[in-house]
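Q: My questions all concern the structure below.
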Ligand SMILES: NC(=O)c1ccc[n+]([C@@H]2O[C@H](COP(=O)([O-])OP(=O)(O)OC[C@H]3O[C@@H](n4cnc5c(N)ncnc54)[C@H](OP(=O)(O)O)[C@@H]3O)[C@@H](O)[C@H]2O)c1
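In the working numbering, the protein residues as written are 111 to 425.
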C-alpha cells in the first residue's frame, strides 16, 4: 500500500514517522512518502491544502484524508470522481475549541479587559455583576465542535442556543437546556435569542458571508461575536460599524479573509476586537495519525468510517 503526505505548513518527517508507526501497530504494511509531482499512483493520501496537480494526478486514491476539520481548501478544487474526502473528526480539536470559546466568553462577560486596564493604573474598582440569564450564547453550527462548545458553555450555566442545517433535539444531543433552531427560516429567531454569537459553521457557498450587517444586527443589543470558523464567514467591512455604533460590544476573531491578517488591517488595533492567529484548535499529530490509521484499517477491511465529506453539502 502506498500513502502520500502533503502539507506545506507541516514538517513532514515526524508525520511520516508517526503514521508509519500507527500503521505498523494496526498490522498494515505501507510505504509512506511525501507526495512529489509525477509520483506513481497511491492508495491513500493525508493532506493540508493540496495543489490541484496532486488531485489531477492521484485519481486512484481510495480516500483523501484532510488534516483538519474544515475542508474548504479542498472542496474548491476538482476532486477526482470516486475519491472519498475524509475530514478529521475531533482528533483533539474539540477540547481546544471549547477552551478558546470559554476563554473569549468569560473574558468578555466578566469584563476582565476593563479590570486589567484599571488595575494597571492602580485602581481598585468594582463593576456591577452581569447576569448569565441576560447573556444567552448562540452557536452557529452544532457539529463535532459546536456540540462540544455548547456543552462547555452550558456547563457554566449560560443559556445556550444552537443553529444547524437539519433539525436537532435536546434529547438527541443530550445537552440540557439547549434551544435548537434549524434552517434559514429559523435563523432570525435564533439570532434574536442570542447575545454572544459563536460561529462554528463549515465554509460553504451557503454560509459564506453569513456574519454580516443584517444578521449580526439581529443579535440582542450589546452582543458579542466570536468567529472561530473561517474568515470568509464574516463580511469584514460590516464589523467595525456595528461595534462603533454600540450594537456590538466587541469581537474575538481567530480567522480572517486573508491570513496572515495584513499589516495595517483595522482589526489589529481596534480596542474592542481581539485577534488571534488562527490558533483556536490546532491539528494534533498523534491524535490525527491514530485516527487516520484506524480509518485506513477499517477501509481495508471493507468497513465504514465516520467523517466522510458529502460532496453536495460541501462539509
Ligand atoms: N479556528 C480553528 O482553529 C478551527 C479549527 C477546526 C475547525 N474550524 C472550523 O470549524 C468548522 C466546524 O467544524 P466541525 O467539525 O464542527 O464541523 P461539522 O461537524 O461538519 O459541523 C458543521 C455544523 O454546521 C451546520 N451547518 C452546515 N451548513 C449549514 C447551513 N447552511 N445552515 C445551517 N447549519 C449548517 C451543520 O448542520 P447539520 O448538523 O444539520 O449537518 C453542523 O451542525 C470547520 O468547518 C472549520 O472551518 C476552525
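Glycine included, C-beta positions come from ideal geometry on N, C-alpha and C.
Using only CA atoms, which one of 287, 414 and 407 lies nearest to residue 154?
A: For residue 154, the nearest C-alpha among the options comes from 407.
Q: Kindly list the residues whose CB is nearer than 7 Å to the CB of residue 398, restricted to its own chain and excluding five residues on each side of it in sequence; keep chain order.
A: Within the same chain, residue 398 has close Cβ partners 177, 198 and 201.
Q: For residue 285, which residues from the same chain have a beta carbon less than 6 Å from its beta carbon, with the 5 sequence-adjacent residues on both sides left out?
A: 260, 261 and 264.
Q: Just to confirm the assignment, what range does the beta strand (DSSP E) spanning residue 273 have?
A: Where residue 273 is concerned, the enclosing beta strand (DSSP E) stretches over 270 to 274.
Q: Applying the 10 Å Cβ sphere with the 16-neighbour rule, what's the burial state of residue 222?
A: By the neighbour-count rule (16 or more Cβ atoms within 10 Å), residue 222 is not buried but exposed.
Q: Considering Cα atoms alone, identify which of 313, 288 and 307 is closest to residue 332.
A: When each option's Cα is compared against that of residue 332, the closest is 307.
Q: If residue 180 sits next to residue 340, beta carbons under 8 Å apart, how far is it from one beta carbon to the other, in whole angstroms?
A: Yes, residue 180 and residue 340 are in contact; Cβ-Cβ is about 6 Å, under 8 Å.
Q: Looking at C-alpha atoms only, which residue of 268, 235 and 228 is the closest neighbour of residue 244?
A: Nearest C-alpha to residue 244: 268.
Q: Indicate, with yes or no, if ligand 1 has a heavy atom lying under 7 Å from the CB of residue 178.
A: Result yes, Cβ under 7 Å from ligand 1.
Q: For residue 326 versus residue 348, is the C-beta spacing smaller than 8 Å?
A: In this structure, residue 348 lies closer than 8 Å to residue 326 by Cβ.
Q: Quick one: Cα of residue 323 to Cα of residue 168, how far?
A: Each residue's alpha carbon lies about 42 Å from the other.
Q: Just to confirm the assignment, what range does the alpha helix (DSSP H) spanning residue 158 have?
A: Where residue 158 is concerned, there is no enclosing alpha helix (DSSP H), although the beta strand (DSSP E) it sits in stretches over 154 to 158.
Q: Please name the residue in 317, 382 and 337 whose C-alpha comes closest to that of residue 356.
A: Of 317, 382 and 337, the residue nearest in Cα terms is 382.
Q: Select from 143, 369, 329 and 320 the residue whose C-alpha is nearest the C-alpha of residue 300.
A: It is 329 whose Cα lies nearest to the Cα of residue 300.
Q: Would you give the residue range spanned by the alpha helix (DSSP H) that residue 265 belongs to?
A: Its alpha helix (DSSP H) spans residues 254 to 265.
Q: What is the rounded straight-line gap between the Cα of residue 314 and the Cα of residue 386?
A: One C-alpha to the other measures close to 23 Å.
Q: Contact check, residue 312 vs residue 210 under 8 Å by CB: the rounded distance?
A: 17 Å between Cβ atoms; not a contact.
Q: What residue from 253, 370, 143 and 321 has the CA that sits closest to residue 290's CA?
A: Considering only alpha carbons, the answer is 253.
Q: Using a Cβ-Cβ cutoff of less than 7 Å, which residues in the same chain neighbour residue 395 once the five nearest sequence positions on both sides are dropped?
A: The residues are 124, 125 and 128.
Q: Please state if the CB of residue 338 and the CB of residue 207 are separated by a distance shorter than 8 Å.
A: Contact flag set, yes.
Q: Does the distance from the C-beta atom of residue 417 to that of residue 196 stay below 8 Å?
A: Contact: yes.
Q: Residue 305 lies in the beta strand (DSSP E); which residues open and close that run?
A: Looking at the DSSP string, residue 305 is not in any beta strand (DSSP E), and its letter there is neither H nor E.
Q: Quick check: the Cα distance between residue 218 and residue 380, rounded to an integer number of angstroms?
A: Their backbone Cα atoms lie some 15 Å apart in a straight line.
Q: Using DSSP bridges, identify the partner residues of residue 290.
A: According to DSSP, which records beta bridges pairwise, residue 290 is partnered with 272.
Q: Inspect the beta-carbon positions of residue 237 and residue 227 and report whether they are closer than 8 Å.
A: Against a cut-off of 8 Å, the Cβ pair of residue 227 and residue 237 comes out as no contact.
Q: Grouping DSSP H, G and I as helix and E and B as strand, with all else coil, what is residue 56?
A: Because the chain spans 111 through 425 in this model, residue 56 falls outside it and cannot be assessed.
Q: Going by C-alpha to C-alpha distance, which of 257, 302, 298 and 388 sits closest to residue 342?
A: That would be 388, whose Cα lies nearest to the Cα of residue 342.
Q: Can you say whether residue 241 is buried or exposed, counting buried as having 16 or more other CB atoms within 10 angstroms of its CB?
A: So residue 241 counts as exposed.
Q: Would you check whether ligand 1 has a heavy atom nearer than 7 Å to the C-beta of residue 369?
A: Because no heavy atom of ligand 1 lies under 7 Å away, the Cβ of residue 369 does not count as near it: no.
Q: Would you say the beta carbon of residue 279 comes nearer than 7 Å to a heavy atom of ligand 1?
A: It does not: the Cβ of residue 279 is nowhere closer than 7 Å to a heavy atom of ligand 1.
Q: Measuring alpha carbon to alpha carbon, tell me which of 139, 114, 246 and 411 ends up nearest residue 334.
A: Residue 334 has its Cα closest to that of 246, out of 139, 114, 246 and 411.
Q: How about residue 163 and residue 151: do their beta carbons lie closer than 8 Å?
A: No, these two residues do not count as a Cβ contact at 8 Å.
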